[in-house]
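> Quick note on numbering: the sequence shown equals residues 2 to 174 in our numbering.
All residues carry an ideal CB built from backbone N, CA and C; glycine is no exception.
Quick one: the structure is below, and I'll ask about it shortly.
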Amino acid sequence: KWKGEGTTQNLESIVIGRCYDYIRIVNPAVGEKNCSEIWEAFKNAFINKDPCSILPEDYELFINLSLHPIPPNKSLFWENNQLLVIGFAGRGRRYMSLGDTLIGFFGDLLNWCGQANSSGLDYESCPTTEECENNAVESFWRMASITYAQHSSGVIHVLLNGSAVGGAYPHPG
Numbered sequence: 002k003w004k005g006e007g008t009t010q011n012l013e014s015i016v017i018g019r020c021y022d023y024i025r026i027v028n029p030a031v032g033e034k035n036c037s038e039i040w041e042a043f044k045n046a047f048i049n050k051d052p053c054s055i056l057p058e059d060y061e062l063f064i065n066l067s068l069h070p071i072p073p074n075k076s077l078f079w080e081n082n083q084l085l086v087i088g089f090a091g092r093g094r095r096y097m098s099l100g101d102t103l104i105g106f107f108g109d110l111l112n113w114c115g116q117a118n119s120s121g122l123d124y125e126s127c128p129t130t131e132e133c134e135n136n137a138v139e140s141f142w143r144m145a146s147i148t149y150a151q152h153s154s155g156v157i158h159v160l161l162n163g164s165a166v167g168g169a170y171p172h173p174g
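Pasting the structure below:
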């Protein structure tokens with residue numbers, strides 16, 4: 002049906018596990034979070050909805066439940082060089098990229114979508130951004146990025162890959 006890959010198998014177990022990994026091991030300073038409640042808020046953003054009608058605002062409850070402070074002077078914005086950023090940021094020890102927050106850690110490298118009029122996940126295919134911009138994953142990262150930018154403060158660091166084919170921003174938007 003869609004051109005994109007389907008929902009990552011065992012998505013619920015993966016993201017709940019990531020949530021506990023984050024609050025217990027990666028960054029216990031964020032304090033206690035209800036990982037099951039965070040999962041439910043995440044899932045309810047896109048379940049039972051047209052996969053091409055998911056808006057960034059649909060993730061608002063998930064964002065509010067997952068939110069934690071970003072230390073001043075540690076924000077690291079980047080484009081087109083994820084592996085370098087992971088090493089450079091040191092999982093939040095040197096800098097804190099979006100992927101080093103609970104929100105980013107939760108969704109990193111995963112895929113997901115629901116189906117209209119169904120409480121299940123679509124494991125066969127999900128829409129790509131080319132097929133529809135308001136898909137579950139694109140809207141998640143848009144809301145996550147907006148929230149990250151709004152909560153960043155102090156000196157802001159930027160890491161771009163000028164050697165990439167097409168430049169640092171190969172895709173418009």
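1) Terminal residues of the continuous alpha helix (DSSP H) containing F202?
2) Drop a sphere of 10 angstroms on the beta-carbon of V86, count the other beta-carbons inside from all chains shown, and report buried for 16 or more, exposed for fewer.
3) Write down the C-beta distance between T129 and G7 rounded to the nearest angstrom, noting that I regard them as a contact closer than 8 angstroms.
4) Just the Cα atoms here: how many angstroms apart are A42 and E132?
5) Compute the distance between the beta-carbons of N74 and V156, then report whether it is under 8 angstroms.
6) List in chain order: all unbroken alpha helix (DSSP H) runs of 4+ residues lying wholly within the stretch 10-58.
7) Grab me the residues of A137's own chain with a C-beta within less than 8 angstroms of its C-beta, minus the 5 sequence neighbours each way, in chain order.
This is what the structure gives:
1) No answer is possible for residue 202: it lies beyond the span of the chain, which begins at 2 and ends at 174.
2) buried
3) 12 angstroms between Cβ atoms; not a contact.
4) 25 angstroms
5) yes
6) 12-22 and 36-45
7) A46, F47, P52, I55, W113, C114, G115 and C127
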